[in-house]
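Undergrad:
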Amino acid sequence: MKEATQQPGVAGATTPAGGARMKILVTGAAGFIGGQLCHALWQNGHTVMGLDNYSYGNADNVRFDDHDFTPDILKMDIRDMAGIAALFEQEKFDIVYNIAGIAPLPDCQSNPVEAVAVNTLGLVNLLENARRTGVKHIIQASTNAMYEGETVFPTVETSFAPPTLIYPNTKYCAERFCQSFADTYGMNITCLRFANVYGPHIDCLRKQPPFVGYMIRELYYGRTPQFHSDGNQRRDYIYVEDLIALAMRVWDRPGFDAVNVSSNTNYSVRELYAIASRLMHKDIPAEYCPPAHYWAKYPELYGGAYGIRPEILDHEVNKYSLCDNTHAKELYGWEPKVTIEEGLRRVIEAECAMLAGL
Ligand SMILES: NC(=O)c1ccc[n+]([C@@H]2O[C@H](COP(=O)([O-])OP(=O)(O)OC[C@H]3O[C@@H](n4cnc5c(N)ncnc54)[C@H](O)[C@@H]3O)[C@@H](O)[C@H]2O)c1
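Using this note's numbering, read the sequence shown as starting at 40 and increasing by one per residue.
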């Protein structure tokens with residue numbers, strides 16, 4: 040296992056947790072969020088180790104102008120019981136961020152056993168080794184997708200209807216185990232419930248790319264994007280840099296906590312498409328498809344003796360999200376800073392440069 044070179048004293052950097060330099064493990068380090076988290080932690084002078092099984096991530100996510108993390112990422116699966124046990128025993132991490140996970144909803148829905156194995160059991164494997172080796176704080180990448188059944192907005196952390204689909208259930212169960220370990224052993228664990236995250240390195244090439252990455256990709260190539268339903272569905276978005284700023288502020292909080300990482304503002308598909316089109320100087324009317332088209336690349340979900348129920352699909356496609364971020368503001372003195380316009384401008388710049396280099 041190689042260790043990322045340390046970069047102490049970066050101008051303007053603030054070292055959290057009383058200024059102590061921490062030894063930190065980031066799982067899912069080669070992914071969209073994990074890569075940028077590694078970079079930010081390293082810029083703040085911490086010793087950062089990355090781990091990824093590369094099932095989704097790629098090396099481009101960990102190459103930055105001031106540092107290339109590619110040789111420093113350990114290729115390992117968070118489910119590897121012997122490997123993770125040996126790693127924790129050897130490295131004695133102070134902080135562990137579990138950012139690894141199977142994020143695309145349809146991938147989880149079409150392979151539920153794998154989804155539970157990675158998103159839930161993989162996390163439990165980390166928790167148990169963190170317990171044995173004295174990790175000071177564990178931060179789990181959770182999701183506001185677990186609010187899919189909620190009807191009260193803005194949604195607060197403490198009150199919501201349990202989810203239905205596989206992906207949010209894997210994360211919901213993961214949170215239950217986080218609380219179990221915190222309550223049983225007195226461990227410090229924070230579950231960050233991310234809203235829809237966007238930023239440079241968002242994956243626009245995977246089978247079912249996130250909406251922001253897909254929209255920019257289609258505009259870049261001058262193609263007509265296919266959106267689902269009428270485009271008036273509204274979601275809460277958070278810029279990746281704002282998310283990371285909060286993720287680095289939670290280390291001193293004892294016990295268990297679950298925190299919304301959201302802007303408490305939402306935008307419709309049509310609104311975001313209008314902003315992106317203007318910023319990219321494109322004028323391509325979008326095509327709006329029926330909800331059933333949403334997971335067209337996953338026919339297995341519609342087939343079998345029991346296909347996915349149309350009302351569940353409709354609900355997912357038209358889901359409304361708005362997450363209260365008062366808890367994050369009051370307890371951690373955090374607030375999102377990047378406006379949607381500025382955030383999208385940065386993603387467009389990064390994604391177009393990446394696509395131009397393909
Ligand atoms: N992006 C979002 O909008 C969003 C919203 C809510 C929650 N999340 C959660 O945040 C985390 C990161 O999301 P992302 O958008 O960066 O996704 P991503 O797919 O870009 O990154 C996830 C990384 O985890 C790695 N990984 C998957 N299974 C693994 C395993 N078994 N062992 C080791 N590594 C493994 C992948 O290779 C990938 O590099 C995920 O857990 C996701 O569920 C993301």
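Glycine included, every Cβ here is placed at the ideal spot set by N, Cα and C.
#1: From Leu394 to Leu258, what distance separates their C-alpha atoms?
#2: Taking the straight line between their C-alpha atoms, what separation do you get for Ile117 and Ala154?
#3: Kindly examine ligand 1 and report whether one of its heavy atoms sits closer than 7 Å to the Cβ of Asn150.
#4: Can you tell me where the beta strand (DSSP E) holding Gln148 begins and where it ends?
#5: Helix, strand or coil: how does DSSP classify Arg288 here?
#6: Determine the extent of the alpha helix (DSSP H) in which Arg384 is found, giving its start and end residues.
#7: Taking only the alpha-carbon atoms, compute the straight-line gap between Leu126 and Lys114 and give it to the nearest angstrom.
#8: Please classify Thr197 as buried or exposed, where buried requires at least 16 neighbouring CB atoms within 10 angstroms.
#9: Does the Cβ-Cβ distance between Gly238 and Gly382 come in under 8 Å?
#10: Ordered along the chain, which non-local residues of its own chain (more than five positions away) have a Cβ less than 8 Å from that of Leu352?
#11: Assess, as a yes-or-no matter, whether the stretch 242-251 is touched by the stretch 134-148 under the definition of 3 or more beta carbon pairs within less than 8 Å.
#12: When burial is assigned at 16 or more other CB atoms within 10 Å of the CB, is Asp107 buried or exposed?
#13: Apart from the five residues on each side of it in sequence, which residues of its chain come closer than 6 Å, Cβ to Cβ, to Asp133?
#14: Helix, strand or coil: which one does DSSP assign to Gly88?
#15: Tell me the rounded alpha-carbon separation between Pro399 and Ser307.
#16: What does the Cβ neighbour count give for Lys131, buried or exposed, with the cut at 16 atoms within 10 Å?
#17: Exposed or buried, Thr229, counting other C-beta atoms within 10 Å across all chains shown (16 or more means buried)?
TA: A quick look at the data gives this:
#1: Working through the sequence shown from its first residue, we reach residue 394 at position 355. Working through the sequence shown from its first residue, we reach residue 258 at position 219. Going from the Cα of Leu394 to the Cα of Leu258 covers about 11 Å.
#2: Looking up residue 117 in the sequence shown gives position 78. Looking up residue 154 in the sequence shown gives position 115. About 13 Å.
#3: In the sequence shown, counting from the first residue as 1, residue 150 sits at position 111. Outside the cutoff, so no.
#4: Mapped onto the sequence shown, residue 148 falls at position 109. Element bounds for Gln148: not the beta strand (DSSP E) but the alpha helix (DSSP H), 144-149.
#5: Indexing the sequence shown from 1 puts residue 288 at position 249. Three-state result, Arg288: coil.
#6: Walking along the sequence shown from the start, residue 384 turns up at place 345. Note, Arg384: alpha helix (DSSP H), 379-395.
#7: For the purposes of this step, residue 126 is taken as the residue at position 87 of the sequence shown. For the purposes of this step, residue 114 is taken as the residue at position 75 of the sequence shown. Using only the alpha carbons, I get a separation of about 12 Å.
#8: As a working mapping, residue 197 is identified with position 158 in the sequence shown. Exposed, since its Cβ has fewer than 16 Cβ neighbours within 10 Å.
#9: For the purposes of this step, residue 238 is identified with residue 199 of the sequence shown, where counting begins at 1. For the purposes of this step, residue 382 is identified with residue 343 of the sequence shown, where counting begins at 1. Cβ distance < 8 Å, so Gly238 and Gly382 count as in contact.
#10: Here the question's residue 352 lines up with position 313 in the sequence shown. Correct list, in chain order: Pro330, Ala331, Tyr333, Trp334.
#11: yes
#12: Your numbering for residue 107 matches position 68 in the sequence shown. It counts as exposed.
#13: Position 94 of the sequence shown, counted from the first residue, corresponds to residue 133. Same-chain partners within the cutoff: Met61, Lys62, Lys175.
#14: Position 49 of the sequence shown, counted from the start, is the residue given in the question as residue 88. According to the sequence shown, residue 88 is Met rather than Gly. It is a strand residue.
#15: Since the first and last residues shown for the chain are 40 and 397, residue 399 lies out of range.
#16: On the sequence shown, residue 131 is found 92 positions in, with the first residue counted as 1. Burial call: exposed.
#17: The residue labelled residue 229 in the question sits at position 190 within the sequence shown. By the 10 Å Cβ count, Thr229 comes out buried.
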